[in-house]
Structure formats: structure tokens, C-alpha cells
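Inspection log for the structure reproduced underneath, given as C-alpha cells.
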Amino acid sequence: MMISIKINYLTPKIIIMRHILFLLALSFIAFSCTEVVEYDTTEDSAISGKYNTLKVIGDFIYAVTDSELVTIDNSNVEKPKEIDRQLLEGKAENLYAAENVLFIGTETDMFIFSIASNGIPFLESETAHIQWGQESNIGVCDPVVAHNDIAYVTLSSLQPDNSDPCGGWISVNELRVYDVENLQAPELLETRALSAPQGLAADGDLLFVTNLNSDTNVFEIDHEGGLQLINTIEGGAHNVYASDGKVMIINSTEIKQYDYSNVNDIVHYATIVL
Amino acid sequence: MQNVYRTLLLFCFSLSLTSCFDLPEGFTGMGMKPVYISPDDFSVIYTTDPQETVDQGSFLVNGDFIYINERFKGIHVIDNSNSFDPQKVYFWNIPGNSEFSIDGDLLFADNSRHLITIDISDPSDIHYVSHVKDVYSGDNQNNNFPTDYIGIFECVDFKKGIVVDWEEEFLEDVNCEIAW
Numbered sequence: 501m502m503i504s505i506k507i508n509y510l511t512p513k514i515i516i517m518r519h520i521l522f523l524l525a526l527s528f529i530a531f532s533c534t535e536v537v538e539y540d541t542t543e544d545s546a547i548s549g550k551y552n553t554l555k556v557i558g559d560f561i562y563a564v565t566d567s568e569l570v571t572i573d574n575s576n577v578e579k580p581k582e583i584d585r586q587l588l589e590g591k592a593e594n595l596y597a598a599e600n601v602l603f604i605g606t607e608t609d610m611f612i613f614s615i616a617s618n619g620i621p622f623l624e625s626e627t628a629h630i631q632w633g634q635e636s637n638i639g640v641c642d643p644v645v646a647h648n649d650i651a652y653v654t655l656s657s658l659q660p661d662n663s664d665p666c667g668g669w670i671s672v673n674e675l676r677v678y679d680v681e682n683l684q685a686p687e688l689l690e691t692r693a694l695s696a697p698q699g700l701a702a703d704g705d706l707l708f709v710t711n712l713n714s715d716t717n718v719f720e721i722d723h724e725g726g727l728q729l730i731n732t733i734e735g736g737a738h739n740v741y742a743s744d745g746k747v748m749i750i751n752s753t754e755i756k757q758y759d760y761s762n763v764n765d766i767v768h769y770a771t772i773v774l
Numbered sequence: 278m279q280n281v282y283r284t285l286l287l288f289c290f291s292l293s294l295t296s297c298f299d300l301p302e303g304f305t306g307m308g309m310k311p312v313y314i315s316p317d318d319f320s321v322i323y324t325t326d327p328q329e330t331v332d333q334g335s336f337l338v339n340g341d342f343i344y345i346n347e348r349f350k351g352i353h354v355i356d357n358s359n360s361f362d363p364q365k366v367y368f369w370n371i372p373g374n375s376e377f378s379i380d381g382d383l384l385f386a387d388n389s390r391h392l393i394t395i396d397i398s399d400p401s402d403i404h405y406v407s408h409v410k411d412v413y414s415g416d417n418q419n420n421n422f423p424t425d426y427i428g429i430f431e432c433v434d435f436k437k438g439i440v441v442d443w444e445e446e447f448l449e450d451v452n453c454e455i456a457w
């Protein structure tokens, strides 16, 4: 959904002097235009792309703001201070940390940073979601979960109201698997088309991928990053957390908890109404 | 010279009949007005009773607790220690908040402008500890218009503070409108 915000200029209240009359008349013509500023409100919806953008690693806090990566030295809790700020390309939506590596998903790119011994991240690589000169800003939701040198990125241009913000221009709804053993040159291993992939969670050899408008996919991942769909969990959702045989699947109104200790028989055991 | 002025006057008069009368005054009528608070007021950070979730933000699981952001208002705390019967136990009031992380007894949360460190060792009574100024711009595009609303509203001016709510009021001469 696009919302247009009309900003009308205020009529200037000036005592009219004869010699500026003509100029004023001209400026009135100019002022009678209404500027229409368009905001993409897709991010505003209650159930789209809300992932964590703040991580604490040791004495440092890493914050991804709209388009910047900020480092804060928190060694003195009473007096934390900002020590670094770097510009990112595109609106950042997700920050994932694995050991001393930061993965950042933006609307347009996957960034990989390593953290130097002074706590300040340095760029290893930047991988564009869309290449070959295509329109790059497609309003995707793109969490990154890295696991055993494999990074997973969901790209979804479908929004909660089932509208496609690209207006048919470009529509991407897929899970991408990258080999990130070489952080400077991620290698695309696989692309899997899904209905509207959003949240991601990895636990052991399992990868959970929620879809906005259809069931959650449960994949088994092999050491080469290959994916095999082994089960599904009913219902659309935008976020997921998995740990120790328990998975939480979140939609706009509730969190459902399941036991997947037997992955072939995933059992629902609790629902939290939000 | 007199004639030139006369012509100009006539010109403007004719103009006034057309576009001058159509000059866009600001909008007037019932509309939404932003409610601001100062980003430097940390006394607004405290624990309250559980609140209804209206506009869900990011979430975090930490031990037996689940934390869910209520966009630009604070954080819902859910006790999941009995995971068969999880309960909302508190709401942490942090106006302007949408991003957060937890490390031990410390919560790090933004208020749209600053990054604030909050002591949550007693989750029923949280306390401000410190903050880093201006980590965020305050110009949060997601919060510069009222949600689920069509109509006129007073444009947000981030210099006035952070927007924590919207209230309906009779507005005169405002310059923003949401239209389909």
C-alpha cells in the first residue's frame, strides 16, 4: 500500500506593496502547486519484516540504523560511547551475528563484516540481491541466518495484504543459500522459490522458514548447504525462533509453540495470544 | 507609470479570480495530531502491568522469557518458564522504542533517538542506567504519520521531540493528509 502525503505550502501572509505585486502574483502561481510526497508504508504493517537490528558482542554493541552500522563501546556500562559509524547501501532490516562476523540484510544487499580486535567492523563483502541492471530496490524482507559457513537469506516482495509493492515490476519470493566460507566472496549455492518467505531459524541440521501466507517450511540441511523439505507447520507467520527441540512461530496475533524433537511429528503444545 | 500599476492590479485581480482563490490553505477539520515527548526524559522508562499488543514489533527469546516490542511504546515481557502456559507478566514502558537487545541484566533499547541502557535485574522495576546520544536520527519514517488512518494530520516535526502517540483533534491549517 502506498500512502501519499500531500504537503500544502502555507499561503504567504505579506502586506502587498504595489511594486512587488507582479512578483507576488507569480509566486502565487508557484505556491498553488501541491507537493505530493509518497511514502512506502509497507514496512509499517504489523506483520512485515521486523527483525533484530541490535546485537551485543562482548564489550561492544552493534546497532543497525536505517542505513548505518554503528559501533558502541560499552566497556563502561555507565558511560557507553559511540566509536564508529559506517554507511550501508539500502534500508537495513536485519543484523545477525555469528562469532565475530556480522551479517546485515538490507533491501538491496547482503553485507558481511568482520569485527577487528578494536571492536570496529570492516567490510568483507557486499552481495546484491538483484543483479544484471535490474531495479534493485524491491522492498524485500531478508533475514540472514548463518550456520556452518552457510548463510540463508529470504527475499520476499509479497506484503501482508497480499499486494506486491513492485506492481508486477519485479517479484521475488525465494530462499537463497550462500556458501560464506570465504567471507569476501559468498557463493550462491541454491535458490528455492517459496510463496512469501520471511522469518528464518536454524537449529542443528534443521532450517525453519516461515511464509507470510502459507505454511512454515521445515528443511533438513546437508553439509553442502543442500535443502530437503521434510515437514511443514500449518499457518502463515512472519517470524520464528528455534532452539533445543522447541520452535516458536509468530504471526501478528499469536505465538505458537511446537515440539520438534521428532521432526516427522511436530507437536503443537502452547499458544500465546498477543 | 500609473497605468502600469493599473494593469498589474487588473492582472492580479483576474488572477485572484482564478488561481488566487484556489490557493491551498492548510487543511482544517478533525484530524490527527502527534503527541511528542522529549527524547531526553528518561523518567518515562518504567515497568507497568501487562498491556494489550496492538502494533507488534521485533521479538527476542532469552532464557525463559519472550520479549516483544510494541512499536514506539515499549516491550511486552512474557514468562515462558511454564511453556505450556506462558503468561504476559509486565510491560516495560519505553516511549519511542522499536529496537532492543538483552545482555544479562541489561537491556539496550532505543527511544527513536538515543540508545539507552536499562537495568532489568528486577524486571518488575526497571531503571535507566545510561545512554548514548543520537545513535538514531529520530526521523523514523515509520512513525511520521498515524497508522490505520485516512485523513488530515499535523505534519511531524522531529525537532519537537519523539512521537509517542496520535490524538484526534480539531486542526486548523495543517499541511499533511493521508489519501488513498
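These protein sequence lines are chains V and W, in that order. The numbering of the first sequence is the numbering used here, which starts it at 501 and goes up by one. The numbering of the second sequence is the numbering used here, which starts it at 278 and goes up by one. Every residue gets a Cβ at the ideal spot worked out from N, C-alpha and C, and that includes glycine.
Sort V/552, V/679, V/656 and V/687 by Cα distance to residue 672 of chain V and report the nearest one. Walking along the first sequence from the start, residue 672 of chain V turns up at place 172. Selection V/552, V/679, V/656 and V/687 evaluated against residue 672 of chain V yields V/656 as nearest (Cα-Cα).
Quickly, what does DSSP pair residue 692 of chain V with across the bridge? List them, please. Counting from 1 along the first sequence, the entry for residue 692 of chain V is found at position 192. V/675.
I want to verify the contact list: residues of chain W whose CB lies under 8 Å from the CB of residue 577 of chain V, in sequence order. Residue numbering aside, residue 577 of chain V sits at position 77 when the first sequence is read from its first letter. Chain W residues near residue 577 of chain V: 383, 394, 406 and 407.
Three CB pairs or more closer than 8 Å across the segment 349-368 of chain W and the segment 323-337 of chain W: Taking a cut-off of 8 Å on C-beta distances, the segment 349-368 of chain W touches the segment 323-337 of chain W, as three or more cross pairs fall below it.
First through last residue of the beta strand (DSSP E) which encompasses residue 770 of chain V: For this step, residue 770 of chain V is matched to residue 270 along the first sequence. From DSSP, the beta strand (DSSP E) with residue 770 of chain V extends over 767-773.
Sheet register partners of residue 596 of chain V (DSSP bridge): On the first sequence, position 96 is the one that residue 596 of chain V refers to. The beta-bridge partner set that DSSP reports for residue 596 of chain V consists of V/603.
Counting only Cβ pairs nearer than 8 Å, list the residues of chain W close to residue 741 of chain V. The residue given as residue 741 of chain V occupies position 241 in the first sequence. Going along chain W in sequence order, the residues near residue 741 of chain V (Cβ under 8 Å) are 336 and 338.
By a C-beta neighbour count over all protein chains shown, 10 Å radius and 16 as the cutoff for buried, is residue 348 of chain W buried or exposed? Here residue 348 of chain W refers to the residue found at position 71 of the second sequence. In the assembly as shown, residue 348 of chain W is a buried residue. Its beta-carbon has 16 or more other beta-carbons within 10 Å.
DSSP state of residue 743 of chain V mapped onto helix, strand, coil: Here residue 743 of chain V refers to the residue found at position 243 of the first sequence. Reduced to three states, the DSSP call for residue 743 of chain V is strand.
When DSSP labels each residue in this structure, what does residue 416 of chain W get in the three-state scheme? To locate residue 416 of chain W, count along the second sequence from 1; it is residue 139. Coil.
Between residue 378 of chain W and residue 554 of chain V, how many whole angstroms is the CB-CB distance? I'm expecting something under 8 Å. Locating residue 378 of chain W in the second sequence gives position 101, where the first residue counts as 1. Locating residue 554 of chain V in the first sequence gives position 54, where the first residue counts as 1. Taking C-beta atoms under 8 Å as the contact rule, residue 378 of chain W and residue 554 of chain V qualify, at a distance of about 4 Å.
Let me see if you follow: with CB-CB separation under 8 Å, is residue 414 of chain W close to chain A or not? Of the protein chains in the structure, V and W, none is chain A.
Quick one: using the 10 Å Cβ neighbour count with 16 as the cut-off for buried, is residue 622 of chain V buried or exposed? Stepping through the first sequence from its first residue, residue 622 of chain V is reached at position 122. Exposed is the call here.
Would you mind reading off the limits of the beta strand (DSSP E) that contains residue 432 of chain W? Taking the first residue of the second sequence as position 1, residue 432 of chain W is located at position 155. Counting along the chain, residue 432 of chain W falls outside any beta strand (DSSP E), and DSSP gives it neither H nor E.
At 7 Å on the CB atoms, spell out the chain V contacts of residue 355 of chain W, in chain order. Walking along the second sequence from the start, residue 355 of chain W turns up at place 78. For residue 355 of chain W, the residues of chain V that pass the 7 Å Cβ criterion are 772, in the order they occur in the chain.
For residue 448 of chain W, count neighbouring C-beta atoms within 10 Å of its own C-beta (all shown protein chains included) and say buried if the count is 16 or more, exposed if not. Start at 1 with the first residue of the second sequence, and residue 448 of chain W comes out as number 171. By the neighbour-count rule (16 or more Cβ atoms within 10 Å), residue 448 of chain W is buried.
How would you list, in chain order, the residues of chain V whose beta-carbon sits under 7 Å from the beta-carbon of residue 361 of chain W? As a first step, residue 361 of chain W is located in the second sequence; it is residue number 84 there, counting from the start. Contact note: residue 361 of chain W reaches chain V through 769 and 770, using a C-beta cutoff of 7 Å and chain order.
Given 8 Å, three or more beta-carbon pairs between the segment 703-710 of chain V and the segment 733-753 of chain V: Segments in contact, yes.
Which residues, in order along the segment 570-600 of chain V, keep a beta-carbon less than 7 Å from a beta-carbon of chain W? For the segment 570-600 of chain V, the set of residues with a beta-carbon nearer than 7 Å to any beta-carbon of chain W comprises 570, 572, 577, 578, 579, 580, 581 and 582, in chain order.
Run through chain W and tell me which residues come within less than 7 Å of residue 620 of chain V, C-beta to C-beta. Mapped onto the first sequence, residue 620 of chain V falls at position 120. Proximity of chain W to residue 620 of chain V at the Cβ level (cut-off 7 Å) is not reached, the minimal Cβ distance being about 15 Å.
Please name the residue in V/704, V/726, V/764 and V/723 whose C-alpha comes closest to that of residue 733 of chain V. Here residue 733 of chain V is taken as the residue at index 233 of the first sequence, counted from 1. Measuring from the Cα of residue 733 of chain V, the nearest candidate turns out to be V/764.
Please decide whether residue 698 of chain V counts as near chain W, where near means a Cβ-Cβ distance under 8 Å. Here residue 698 of chain V refers to the residue found at position 198 when the first sequence is read from its first residue. Not one chain W Cβ lies under 8 Å of residue 698 of chain V.
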